[in-house]
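Here is the structure we will look at.
In my numbering, the protein residues as written are 21 to 134.
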């Protein structure tokens, strides 16, 4: 599963159970984020035991994108079988500010910053 645009790329590797996002997501609201939300939903439906979300190369995510990411975390919470690990970068300001808030939605969420 993969989504690609001039500004971003998102793909899921079922073998490693890793969802990777890179580039910059500056889409204009829920309608434009719908394909991404659909991809995230498909990953949750596969019920990977350990799901890794690698955001280390996602330089920018606007508020609509953070909302989409939050909804994804809530769906993971609803499926108690999935252990979610989010990898972020200490060098990307939005990540150090916003990613810890996701732990309020999913207390079992593991955050790893490099």
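Even glycine gets a Cβ: it sits at the ideal position worked out from N, Cα and C.
This one's a predicted model, so the numbers in the text were calculated from it and none came from an experiment.
{"Check": "Closest to residue 105 by CA distance: which of 133, 52 and 25 is it?", "Outcome": "133"}
{"Check": "In angstroms, rounded to a whole number, what distance separates the CA positions of residue 44 and residue 101?", "Outcome": "30 angstroms"}
{"Check": "Counting only the same chain and skipping the five closest in sequence on each side, list residues whose C-beta sits under 6 angstroms from that of residue 49.", "Outcome": "84"}
{"Check": "Identify which residue in 112, 71 and 30 has its Cα closest to the Cα of residue 128.", "Outcome": "71"}
{"Check": "How long is the line joining the alpha carbons of residue 81 and residue 114, rounded to whole angstroms?", "Outcome": "7 angstroms"}
{"Check": "Considering only the beta carbon of each residue, do residue 59 and residue 32 sit closer than 8 angstroms?", "Outcome": "yes"}
{"Check": "Quick check on DSSP: helix, strand or coil for residue 33?", "Outcome": "strand"}
{"Check": "Rounded C-beta distance between residue 30 and residue 79? I'm assuming under 8 angstroms.", "Outcome": "At roughly 14 angstroms, the Cβ-Cβ gap does not stay under 8 angstroms, so residue 30 and residue 79 are not in contact."}
{"Check": "If you compare alpha carbons, which of 22, 97 and 65 is closest to residue 122?", "Outcome": "97"}
{"Check": "When you compare only the Cα positions, how much space is there between residue 24 and residue 77?", "Outcome": "14 angstroms"}
{"Check": "Alpha carbon to alpha carbon, how far is residue 87 from residue 35? Give it in angstroms, no decimals.", "Outcome": "27 angstroms"}
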